[in-house]
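The structure appears below as structure tokens.
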Amino acid sequence: MHIKEIHIDGFKSYATRTVLNGFDKSFNAITGLNGSGKSNILDAICFVLGISNLGQVRVNNLQELIYKQGQADVTKASVSVVFDNSDKDTSPVGYEDQSTITVYRQIMIGGKNKYMINGRNAQLSRVQNLFHSVQLNVNNPHFLIMQGRITKVLNMKPIEILGMIEEAAGTRMFEVKKGQAQKTIQKKDQKLEEIAKLLSEEIEPKLEKLNADKTKYMKYNEILNEYQNMERYCIAFEYYTAECQLKNLKNEEDSLRKKISELESKHNEFQKKESETQKKIENLKKQRQSDMKDEVKELENKVAKLNKELIHKKSELEHKKEEYEREKAQLDSLQKQIMDEENNKLELEKKCHNAVVRSEELKQKIQDLTNKIDNMKRQKEAVSAGVAVNISDGNGKTITEQVLECKQTITSLKSSLKQSEMRLSHLKTTLNEKKIQLSKQSAEETSLKQQLEEIEKVVNTQAKQLEQLNFNESKYIETEKQIEMLEADIVDRTNKINQKKMSLEQIFLDYNKENVSGNVMGVVANLFRIKDKQNTCALEVAAGPRLGQLVVDTEKTGKEVIEKGNISRRVTVIPLNNITYGKRFENQELLKQVHNNNASLALDLINYESKVENAMKYCFGSTLVATDMETAKKVAFDKTIYARTVTIDGDVFDPSGTLTGGSRHFNPETSILSKLEALKLIEDERDSIIKKVEGLKSQLNKKLKDKYYALKNELRLKKHEQSLAQKRVEQSSYFQTKKQVEEMEQEIVKINENMKQFNIDIQNKQKELVDLEKQQELFSKASDEEAVKKQKLEMIDKNIEKAKKELQTAKTELKEADSDKLSLQLQQMSEDIKEMKTQYESKRTEIESNLEKTFTKLQKDVDNASEAYESESTNLKACRLEFSKSDEEISKLNELKDKYAKNASDILLEVKSVEHTLSNSGKNSGKLATLLNALKSENKWIKNEKENFNKPDTEFHFDKNNQSLQECKQRLSKLKEECDSLSKSINKKAMAMHEKAVEEYNDLVKKREIVQHDRHKIENVIEDLDDKKKKAIEETWKKVNTDFGSIFSTLLNGTTAKLEPPSDAVNGALDGLEVRVAFNGVWKESLTELSGGQRSLLALSLILALLRFKPAPVYILDEIDAALDPSHTQNIGRMLKTHFTNSQFIVVSLKEGMFQNANVLYKTKFVNGSSLVERVVDHRSAVDSDSGSSSNNVNPNSSSTTTSSRRTAASASSNARTNSASVTATTSSQQPAQLVSRRGSKRKSANEDESEEEEE
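Under full-length UniProt numbering, think of the first position of the sequence shown as 1, with each following residue one higher.
Below, the structure is given as structure tokens:
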């Protein structure tokens, strides 16, 4: 298979349709000037082959392949390549029956991409498979040798050269397939994991659940059968029991009627006795009040007066106590002032002592200077008088001594100056060296400083940001601690609430709120608050079991709660829209007349919301609450009121005749309402704390806190980084050197100053020495006594003047010391402290004498007033006791009256009770009769089985089972609950679903085994192919090695080359291969000894040797001879013709030595912004005569001729159809092109026509 024709339209520099036909099946060459478009022909071939690495065709995206990127009205680029497929041995797989194969590719602006094979649309994978089957893999091209690849080969590592051998052997494809197989194994493993996960997480749990459902379903059937049998038994038992009870009730009613008649007569007798006793009591009370009233009133007034006086005395005592505390605080303050003044005094004493010592020193100095001046004055007088005196400086030194001392000083100063000069010289030399060293290190210093400055900028920025956040960390932490304490308190109260709720389960009800659409108010006990706690017991008894009933808005909501709410206990529901209640007692005036404000309606004793008013009326109705049993009895049985009454102790009086009570003792710890009230108080406290916590949390800005700490942490890290950077700077060689330089410069400055001072001192001393020597000389000559005398006097005057100045300075310092002033201040401070102490003692004495005495007197007055009050209170109590003794007779009469009243009441209650019992008996009889009739009508089988009830050896032998009717009903209820519970949870399709799940499980297990088998099979195939790969590489290596040496020796006489494993290879050629070369039988140790041209020939030989192993039908060489001289270029051309006789070569070259060996030559030009191609048949003569000419030439050995260079597209197309010996040339209008065909016949096949139509 080889290329016959190439059609290019709008591709890169080919603006119009250009056809290159007449390709030689062996050797074709393309030449032309740089930039004329010769390499674009190779790019067009790669484009059709499906290249994906656009860098190899020198573009970044597909749109750049279109002529001028679509900006010259060319919106698409297309290339079609026609292959000659007449040689069936080299045909692509699946195309053996095709004589030609046309592959077409088109791209359009916008990214649309299109492939066609023989005029039919095709996918990229199909095009790649076509070319891969004939070793034309453009994305890993061993058939394509582009510019620069030759030099890359020689730079390859051994393992990379081995990769080229693998590519030539075809095992690289195996590696790709092996990778795909390994990915398949991974997918298989993933599939196995999915199957295992599906089995463990879905199928097996599903099977377990279905097994449980199956078990539940079977259990449900068993319980349902038992329930049906038990229901029949309970109905029979209930019928038999009701029939027996009805017979007994009929007998009881007759005896109850007789008892009522006897009790009514006794009641009338006791009421009469009670009335007579009440009259006697009233007469005695009137007599007692007139006797004792005045005495008790007098004592009460006296006690009240004494109490008022006692309160006044106590108030006065409290005021004195407060005054005493104030005075004592002032005294303590004064004592503190005294201590502070004493401390100040100690400091002043210390200052004063120091001033006195300094004053003594100055006084002594003044005395010494005065004596010195007097002494020098006497010397002056002696000199004036002509007496011989040895003049001194006032310190006792002679001129000779002064001269000697001055010389020694000058010598010492000059020595110090010399040392300083030597040190200065040394420092300057060292300083210059250090400065040179510092300049060399400046780059390091600049880098470190920049780093430090950048870090400092960041630190300053972050510090400002942190400050701008305005976040108070300590306050935030304090608030968090406060919240933690409050939340702990909330948890504690919540635990208490939960504990109390556990003890109040009967008034709390949990239900599924999602399944209830209406409004549920709550349990009755939670819907009201008691006004006065003393009524708690009465209200709890009044409401009774209704406290635990549930209040809802409508009966529909109540039904939803019962059916869908999943409640855990039985509950009675109160629908507000449909509840009925007894009429409330409204006549309050009548009620007051009867009970004298000692009874109230229960509804008036509670607070509740208006929306639950109907529920409260239903629970409490017209029930009254009385303070005592007497009031309760009167109210309950009063004919005008006749209402149920409860005492505050919990005793109940019912107008129907019943009385409940006698053993109730109210205990808040067991009372439901008391517990609930306590619970509500705790909940209120908790809610208050929660609000407080929410308020505190609202003050916390968590985002600001997080931002603050994040920024703070960043700042800390940056500061640490800053310190490290600062240390790096300080420890750097530049910084150390700079520090040394600065120290040296400071020392130099100091030395210069010292030297300057030394010079000044030397000059002064030299002047002084000259003066002294002059004086000494004058004194020694004694020739001019007057001059000497004068000199001496001047010297003495000078010394006197100097001493006077020192004296004046000492006097000034003494004056400034001024110890006397400090002594005065110290004396004044001592007097102030003494006065303050006197004031303190006076104040303390006053407090102890006056206030304490007053305090004691007032305390005594309070005690006396208290004793008087206690005494009179005792007298009042005694009088009241005596007054109460007069009530004993009245009390006895009251007890007798109460006894009569109680007997009457007891009898009345007994009558009511008997009447109530009789009424209940009648009601019960009616109910039992109704029940019997209902049971008969609902259960027709009773009529037939009635005779067998409670008979031995039947299923209805009730006595044999030893179970009561209630126990039987409880068992029936339990069975019903179990049935109802199971019916909600059972799955009636469990059996069928279980079988289906088992089938799924078995199917997945089978699939898992298949996947595992496939995986093992793939692994075995990979192992087998690995062995074959090794053998193939060995064979390829040997064959390539032979061709490598042969080709290289052809290109370069006297040489040979080979590939061999590296010296350190363990697995031979599988560890890599490296190139060795020999000249005249001597093997080179390294390729670096070769010239550039020799290295290029060596690399080219290796590439061509690889190509010979498994030849591709087409080879493309792009300027591979660029680095070679002409002789080597000719050798390459000859070698290609001799060694590659069965492959087609398309070579791009600029060298004549290469394309002279080609059978067909194409020359490219660039005219008017577009590339043109000219086919030259007899190119050897054309090159020899004029390589740049485009005139018509005729090859006598060929039937082909060249066409005019300016032929239009129309005439070119017409000639292609009419003249069999002419050249096919297709261009756009006004665009020149020359195309020469090697054959004289028209070469457009039917497939090409179809491809062109599709393109248009």
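Beta carbons: idealized from backbone N, C-alpha and C, even for Gly.
When only Cα atoms are considered, Y476 and H720 end up about 26 Å apart. When rounded, the separation of the alpha-carbon atoms in N1041 and Y14 is 42 Å. Distance from the CA of R58 to the CA of I66, rounded to the nearest whole angstrom, comes to 13 Å. In the DSSP assignment, H957 falls outside any alpha helix (DSSP H), carrying neither H nor E.
Within the same chain, L306 come within 6 Å of A868 by CB-CB distance, once the 5 residues on both sides are set aside. Comparing alpha-carbon positions, the option among E773, Y239 and L896 lying closest to K946 turns out to be Y239.
The criterion of a C-beta distance shorter than 8 Å is not satisfied by I145 and S1096.
Bounds of any alpha helix (DSSP H) do not take in D1118; it lies within the beta strand (DSSP E) bounded by V1114 to D1118. Taking a C-beta distance under 8 Å as the contact criterion, L928 and A236 do not qualify as a contact pair. Contact annotation: S99 and S80 have beta-carbon atoms that are not nearer than 8 Å.
Cβ-Cβ separation between L1100 and I1120: approximately 6 Å, consistent with a contact (criterion under 8 Å). In the DSSP assignment, P575 falls within the unbroken beta strand (DSSP E) covering V573 to P575.
According to DSSP, Y115 shares a beta bridge with R105 and A122.
Comparing alpha carbon positions, the residue from L1172, N1159, T461 and S442 closest to G22 is N1159. Taking one beta carbon from each stretch, the stretch 242 to 257 and the stretch 979 to 997 have fewer than 3 pairs nearer than 8 Å; the two do not touch. For T1036, the enclosing alpha helix (DSSP H) starts and ends at A990 to L1051.
N950 carries a coil assignment under DSSP once its states are collapsed to helix, strand and coil.
In this structure, Q106 sits away from I455, with a CB-CB distance that is not shorter than 8 Å. Under the three-state reduction of DSSP, D84 is assigned to strand.
When DSSP assignments are scanned along the stretch 1083 to 1151, the uninterrupted stretches of beta strand (DSSP E) that are 3 or more residues long and fall wholly within it turn out to be 1114 to 1118 and 1144 to 1148. In the DSSP secondary-structure assignment, K76 is bridged to M108.
When only Cα atoms are considered, I1018 and V176 end up about 14 Å apart. Beta-bridge analysis with DSSP links Y608 to F528.
Taking K266 as the centre and dropping the five residues before and after it, the same chain places the C-beta of I907 closer than 6 Å to its C-beta, in chain order.
The straight-line gap separating the alpha-carbon atoms of P545 and I579 is approximately 17 Å. When DSSP states are grouped into helix, strand and coil, K1163 belongs to the strand group. Taking the C-beta atoms as reference points, I45 is found no nearer than 8 Å to Y1162. Collapsing the DSSP output to three states places M521 in a strand. When the five nearest sequence neighbours on each side are left out, the beta carbons in the same chain lying within less than 8 Å of the beta carbon of V458 are those of K718, in order along the chain.
With contacts defined as CB atoms closer than 8 Å, P1062 and G1072 qualify as a contacting pair.
The criterion of a C-beta distance shorter than 8 Å is not satisfied by Q63 and G55.
Residue nearest to K513 within the set T557, G565, N498 and K496 is G565 (criterion: CA-CA distance). Between S52 and N113 a beta carbon distance of about 11 Å is seen, past the 8 Å cut, so the two are scored as non-contacting. For K209, the secondary structure class from DSSP, reduced to helix, strand or coil, is helix. At least 8 Å separates the beta-carbon of Y840 from that of Q330.
For the 8 Å CB-CB criterion, L1004 and I101 do not form a contact.
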